[in-house]
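Student: If you scroll down you'll find the structure; I have some questions about it.
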Amino acid sequence: MPQIRFRNLAIATLLLLSSFHVFSQRQFDCLSVDESGLLTRSFHSFEKDIFEYYKFGKDTIKTYRTFLTEIATLSVDLRKLPSSKSIQLTREFKKQANNKNSLWIKLTEYENQHVEKKSFPTTVAKKNEEEILIFNYRGGVIQCLKNTNESKDFKEIINTLEEDANVSTSLIAQRLFYITDKEFNTSEVKKFIAFDIYYSILMVIEKAFS
């Protein structure tokens with residue numbers, strides 16, 4: 009009898025620990041590492057923009073997939089979609105692009121991350137020339153989104169972009185679109201879409217807004 013009780017207790021403990029691990033992994037908010045709150049505010053602003061623009065009520069998947077479709081087909085009206093708040097937040101991102109953990113970093117800094125692995129010289133910006141900013145797929149936030157999500161397709165997309173970030177936004181949108189509904193409707197995928205698709209576009213066009 010004691011052996012049976014011990015075995016049952018051991019099994020219950022293992023199940024509890026396993027459940028706790030999965031729960032904690034799924035519940036962790038990768039944006040919480042940003043003490044300034046910029047990431048959280050910008051994600052909420054993105055969702056407000058697309059839900060107000062497409063007007064599909066609370067249909068999250070339809071709203072996100074329609075957004076990706078219009079990005080992939082270059083049919084989105086970028087004059088009407090972004091709110092003034094999202095534009096303002098985009099400008100804050102530009103100001104923060106000064107360290108290796110930023111969502112966007114200077115191209116030279118991104119290339120320098122592989123200096124030890126490659127022998128060819130890195131890009132050097134000319135004086136008085138504005139440095140090109142690139143999305144930081146190797147940074148902590150994106151790595152957190154990848155590692156806390158269970159979708160193999162999502163992980164594969166980020167792994168590919170880590171090696172070659174020179175991929176068009178429309179192509180990335182296409183690949184994200186074909187993730188299954190169950191894997192698509194996760195906070196990690198949504199946040200990745202917000203930053204790598206939406207705000208990456210706004211980083212380019214924000215100067216057109218007064």
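Numbering (our numbering), first residue to last: 9 to 218.
Built from N, CA and C at the ideal position, the CB exists for glycine as well.
Since we're looking at a predicted model, the values are computed, not measured.
(1) What would DSSP say about Leu-210, mapped onto helix, strand or coil?
(2) Using the Cβ count rule (16 or more neighbours within 10 Å means buried), how would you classify Leu-210?
(3) With DSSP as the reference, please indicate the residues paired to Ile-142 in a beta bridge.
(4) Go through its chain and collect everything with a Cβ distance to Phe-217's Cβ below 7 Å, but skip five positions before and after it.
(5) Since I believe Ala-105 is in contact with Lys-93 (beta carbons under 8 Å), could you give me their beta-carbon distance rounded to a whole number of angstroms?
(6) Taking the alpha carbon of Ile-140 as the point to measure from, which residue in Lys-190, Ser-208, Val-149, Ile-165 has its own alpha carbon closest?
(7) When you compare only the Cα positions, how much space is there between Val-132 and Lys-66?
(8) Return helix, strand or coil for Ile-201, following the three-state DSSP convention.
(9) Between the C-alpha atoms of Pro-129 and Glu-119, what's the straight-line distance to the nearest angstrom?
(10) Indicate whether Ile-166 and Ile-150 have their beta-carbon atoms separated by less than 8 Å.
(11) Mapping DSSP to helix, strand and coil, what is Ala-173?
(12) Check whether the Cβ atoms of Ile-79 and Thr-177 lie closer than 8 Å to each other.
(13) Helix, strand or coil for Val-30? Go by DSSP, reduced to three states.
(14) Buried or exposed: which applies to Val-197, given that a residue is buried once 16 or more other Cβ atoms fall within 10 Å of its Cβ?
(15) Please tell me whether, using a cut-off of 7 Å, the distance from the CB of Ala-181 to the nearest non-hydrogen atom of the ligand SAM is below it.
(16) Between which two residues does the alpha helix (DSSP H) holding Cys-152 run?
(17) Mark Ser-53 as exposed unless 16 or more other C-beta atoms lie within 10 angstroms of its C-beta, in which case mark it buried.
(18) Label Asn-144 either buried or exposed according to how many other C-beta atoms from any shown protein chain fall within 10 Å of its C-beta, with 16 as the threshold for buried.
(19) For the putative contact between Glu-100 and Leu-46, defined by C-beta atoms under 8 Å, what is the C-beta separation to the nearest angstrom?
(20) Tell me the DSSP secondary structure of Leu-6 in three-state form.
(21) Rounded to a whole number of angstroms, what is the C-alpha to C-alpha distance between Ser-159 and Thr-81?
Tutor: Let me spell this out:
(1) helix
(2) buried
(3) Ile-113
(4) Ile-95
(5) With 8 Å as the limit, Lys-93 and Ala-105 do not qualify as a contact, their Cβ atoms being about 20 Å apart.
(6) Ser-208
(7) Below a pLDDT of 50, predicted positions are generally treated as unreliable, and Val-132, at 39, falls in that range; the measurement from the model is reported next regardless. Going from the Cα of Val-132 to the Cα of Lys-66 covers about 47 Å.
(8) helix
(9) Model confidence at Pro-129 stands at a pLDDT of 39, short of 50, so the residue's coordinates are unreliable; what they give is reported in the following sentence. For Pro-129 and Glu-119, the distance between alpha carbons rounds to 9 Å.
(10) yes
(11) coil
(12) yes
(13) Here Val-30 scores only 43 on pLDDT, less than 50, and its place in the model should not be relied on; the value that follows carries that caveat. Correct three-state label for Val-30: helix.
(14) buried
(15) Summarising the ligand content, the structure contains no ligands, and the ligand SAM is consequently not present.
(16) 148-155
(17) buried
(18) buried
(19) 6 Å
(20) One cannot answer for residue 6 here, as it falls past the ends of the chain, which runs 9 to 218.
(21) 25 Å
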